[in-house]
Amino acid sequence: MSHLRLSEHINKCLSQHACVAIPEIGGFVLETIPARYDEQENRAYPPGQELHFNAAIRHRDGLLETLYATTFGVSLRRARMMLDEDVKALRSELVSKRSTEINSIGKLSLSDEGLVSFSSDMSEKRQHPDAYGLFPASLPLLQTSISSLSPAPNKSEKYYYLPIHRNVPGIAAAVLLFTALLFLPIRTTSSRQNCEAGFIPTELVAGKVWSQYDKQSGNSQATETEPEEPTTKMPEVEDFARVAELPMVEKEHITGPAYFVVIGSFRTEEQVREFVSGRKEKFSKQSGVIKDKRWYRVYSEMFSSSGDAYTASTRAKGEAWVFEVKEKK
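The letter at position 289 of the sequence shown is residue 289 when you use UniProt numbering, and the numbering goes up by one with no holes.
Structure follows, in structure tokens:
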């Protein structure tokens, strides 16, 4: 009962806080994963969270005690006693069985050296509140090439085909209209102005029409012969390993098993540069960067055993955690 009660309150605290400490055991840390788009899968993923464990966070932060007091309607002193009983039962099971399950969170294990490690049992990433309940969506690529045009139909040998400019029908209609106006009957009236006939010379009309046609054809030729502007070349990207002053290795090139004490996870190389330049502590010769498809993880030390890695993570300042690369089969 106490084990189940403790796990339920840890889940409630993690839904509101990024770090929750269990006295004398360790703390759970939530790492926020921003929204991303996978070009290989053509899928868009909403924001999410990954859960890690840090055995160095063993102080009382007051979150679980306050939640106990609110849930059961007791004082903080009584809530602290209830929490200590649940933690004592958890430690007893961890020592006797060497491992214990925390519902909806993961599995805690105790090594022979007395170090506590954690493995998450979440098959899916924890959903971030900013995701608004969204799930990964498939976004297929649009058509990038233009389909070939269908060939023109075969012309029959029984008929003659004359190439006619598009402006010719308009010019012919204007000429027919002008000719019809010339042959309209003129009414005789008492007004002298109405008796005076007037006309527009055909040379003037034809000159305006053909001058407009010459301007259009001249503009089209100028547009076709206009030279294209040269494209601007993109600047070359600097070598990342030289800029960040840290060696970088691809995750797929690590044969394993290997354990890295990660002190920062970033999406871009620019964020890694800012982190390295702004860090007061100097990096050792074992420090470097692990790159995979989505992340750049900066690690302070690398070990071949999990015990040494978890020991180093407890000495690290800040919220450090152990990143494991399993052995390739």
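Every residue gets a Cβ at the ideal spot worked out from N, C-alpha and C, and that includes glycine.
- When beta bridges are read from the DSSP output, VAL74 appears opposite no residue.
- Between the alpha carbons of GLU41 and LYS88 lies a gap of roughly 46 Å.
- Taking all protein chains in view, the Cβ of TYR259 is crowded by 16 or more other Cβ atoms within 10 Å, so the residue is classified as buried.
- The alpha-carbon separation between PHE118 and PHE53 amounts to approximately 6 Å.
- Relative to the Cα of ALA79, the nearest Cα in the group ARG91, SER92, GLU65 belongs to GLU65.
- Rounded to the nearest whole angstrom, the C-alpha separation of THR179 and PRO185 is 13 Å.
- Of ILE57, TYR45, THR100, the smallest CA-CA separation from GLY26 is found for ILE57.
- With contacts defined by Cβ atoms closer than 8 Å, ALA69 and LEU63 do not form a contacting pair.
- Here GLY307 has SER111, GLU113, LEU115 as same chain residues with Cβ atoms under 7 Å from its own Cβ, once five neighbours each way along the sequence are excluded.
- Sorting ARG36, ILE102, SER304 by C-alpha distance to the C-alpha of ARG5 places ILE102 at the top.
- Listed in chain order, the beta strand (DSSP E) elements of length 3 or more contained wholly in the segment 12-89 are 19-22, 26-33, 36-38, 43-45, 48-54.
- Collapsing the DSSP output to three states places ALA137 in a strand.
- Going by beta carbons, ALA312 and VAL261 fall inside the 8 Å limit.
- Put simply, of PHE28, SER15, TRP295, GLU274 the residue whose alpha carbon is nearest the alpha carbon of SER120 is PHE28.
- Closest in alpha carbon position to HIS9, among ASP86, GLU50, ASP292, is ASP86.
- Here TYR45 is not near ALA55, since their CB atoms are 8 Å or more apart.
- Between LEU108 and LEU94, the C-beta spacing is below 8 Å.
- For GLY170, the enclosing alpha helix (DSSP H) has its first and last residue at 168-182.
- Bridge partners of TYR161 according to DSSP: none are assigned.
- Annotation: LEU142 to PHE135 spans about 22 Å, alpha carbon to alpha carbon.
- Residue nearest to ASP61 within the set ASP292, GLU24, LEU51 is GLU24 (criterion: CA-CA distance).
- For ALA258, the uninterrupted beta strand (DSSP E) segment begins and ends at 258-266.
- Nearest in C-alpha terms to LYS328, of all of SER277, ILE254, GLU281, is ILE254.
- In chain order, SER304, GLU324, VAL325, LYS326, GLU327 place their CB closer than 8 Å to the CB of PRO257, counting only its own chain and leaving out the 5 sequence neighbours on each side.
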